[in-house]
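Below you'll find the structure, written out as structure tokens, and then a few comments.
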Amino acid sequence: MVIAGVLQGVGVRDVRLRGPAGVAPGLYPERLPTQHEHAWDIRRLLKFWDFDEGGLMLRECIVGRAWVSNVGLGALFDRAVAWLLRNRVLLPGIAPLGYLAAEVRMGEQALIHLVVDAPVEPEFRRELLELLDAPDGARTSVLEKWRKGPREVSGRTGQKAALERTRDINGVQAGGLGLCRVPPEKLAELARYGMDAHAPTLRWLADPRRTATVLAALWHLEGSSVDGALTLFGTLMAARLVARAEREGAGNATSLRSGPLLHGRNAPLDMSCTH
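Here the sequence shown is numbered in our numbering, starting from 13 and rising by one per residue.
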């Protein structure tokens with residue numbers, strides 16, 4: 013209709029004049045082979061690749077991105093579109109590209125679980141599973157107790173509980189399994205889920221995801237428990253030093269309060285070692 017109207021506007025009476033590729037203008041939108049021929053001509057002139065030729069390189073690109081970062085499905089899709097445009101590859105459509113991004117994302121998560129779970133021996137796997145159970149007489153699982161930390165956060169009782177928690181967590185030796193092969197971002201993402209999910213939820217997960225999640229949570233707890241114990245020790249020592257300074261003289265107490273003793277985690281430890 014549009015082509016016919018243009019022809020009539022310029023004075024061409026015969027609207028059945030042969031159009032592109034020998035097709036009448038009115039029939040051009042209806043003849044699919046002609047449209048495909050023109051699409052091939054445009055592709056050849058602009059040097060565009062077909063998606064079947066560049067799809068493998070696109071998959072390698074977004075697989076690498078998904079492995080080293082915590083990008084979501086939408087970000088993977090956007091990155092795939094940008095790669096296609098930058099490399100002059102014809103876009104296959106929204107649905108195929110969305111399926112590709114989802115497939116890569118799911119495959120990357122499954123691979124992370126396999127890599128984390130690979131060095132775990134059967135006996136150690138059973139020990140990890142037992143951490144999701146509540147001991148006799150307890151209301152919460154061992155993992156839940158470790159995640160919450162000691163209730164007492166001051167005094168000798170709190171310091172003792174923090175040190176015992178650190179001892180028990182590091183006694184599992186989860187950090188000695190060579191998790192350096194896993195990107196830190198992916199291990200931290202897995203640990204966040206292990207720290208937030210309830211123990212029954214973790215128990216119902218299928219392996220290797222269950223073992224990988226518990227192991228990542230323990231890997232996180234190994235570091236955070238040490239940090240917590242050191243922070244509590246620094247606070248306790250700072251309070252004792254300030255109290256002693258107050259007994260000895262107001263000037264010393266004022267300098268301790270205003271100095272680096274109460275600022276930062278390591279300053280109280282350094283100060284305590286000098287007294």
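C-beta atoms are modelled at their ideal positions from N, C-alpha and C, and glycine is treated no differently.
Among G86, V254, V238, which has the Cα closest to the Cα of G183? V238
Just grab the DSSP bridge partners of V101 for me. W61
Minimum C-alpha distance to F63 - residue among V101, R193, S81, Y111: V101
Check for me: the alpha helix (DSSP H) holding R151 runs from which residue to which? Careful: R151 lies outside any alpha helix (DSSP H) and carries neither H nor E.
Alpha carbon to alpha carbon, how far is Q121 from I162? Give it in angstroms, no decimals. Correcting the residue type first, residue 162 is Pro in the shown sequence and not Ile. Cα to Cα, P162 sits roughly 33 Å from Q121.
Grab me the residues of V127's own chain with a C-beta within less than 7 Å of its C-beta, minus the 5 sequence neighbours each way, in chain order. R193, V194
Is the beta carbon of R71 sitting closer than 8 Å to the one on L109? no
Pick from R168, A228, L202: whose alpha carbon is nearest that of G187? A228
When DSSP labels each residue in this structure, what does D219 get in the three-state scheme? coil
Short of 7 Å in beta carbon distance, which residues of its chain neighbour E156, apart from the five on each side in sequence? Order them along the chain. A211
Could you pull the start and end residues of the alpha helix (DSSP H) that N182 belongs to? 167 to 183
Would you kindly report the start and end of the unbroken alpha helix (DSSP H) that includes L140? 134 to 142
Would Q171 pass as a contact of L253 if the rule is Cβ separation under 8 Å? no
Report the residue from M249, F89, W158, A92 whose alpha carbon sits nearest the alpha carbon of W231. W158
R193: first and last residue of the uninterrupted alpha helix (DSSP H) it sits in: It is not in any alpha helix (DSSP H) - R193 carries neither H nor E in the DSSP assignment.
Expressed to the nearest angstrom, what Euclidean distance is found between the alpha-carbon atoms of K160 and E197? 23 Å
Identify whether A209 lies in helix, strand or coil by the three-state DSSP scheme. coil
Is the beta carbon of V154 sitting closer than 8 Å to the one on T223? no
Can you list, in chain order, the residues of its chain whose CB lies under 7 Å from that of E201, leaving out five sequence neighbours each side? N82
Inter-residue Cα distance where the pair is G84 and W61: 27 Å
Would L88 and I74 qualify as a contact pair, given that the criterion is a beta-carbon distance under 8 Å? yes
Between the Cα of L96 and the Cα atoms of R179, L189, G206, E65, which residue gives the shortest distance? E65
Contact set for R117: own chain, Cβ-Cβ below 7 Å, skip 5 residues either direction: A78, L85, L88
If you run the structure through DSSP and keep just helix, strand and coil, what is S314? No information on residue 314 is available, as it lies outside the stretch 13 to 287 that the chain covers here.
Which residues bound the alpha helix (DSSP H) around P108? 106 to 129
Keeping to the same chain, check which residues put their C-beta closer than 7 Å to that of A174; ignore five residues upstream and five downstream. P162, G240, A241, L244
Rounded to whole angstroms, what's the CA-CA distance from D219 to G246? Just pull it up for me. 41 Å
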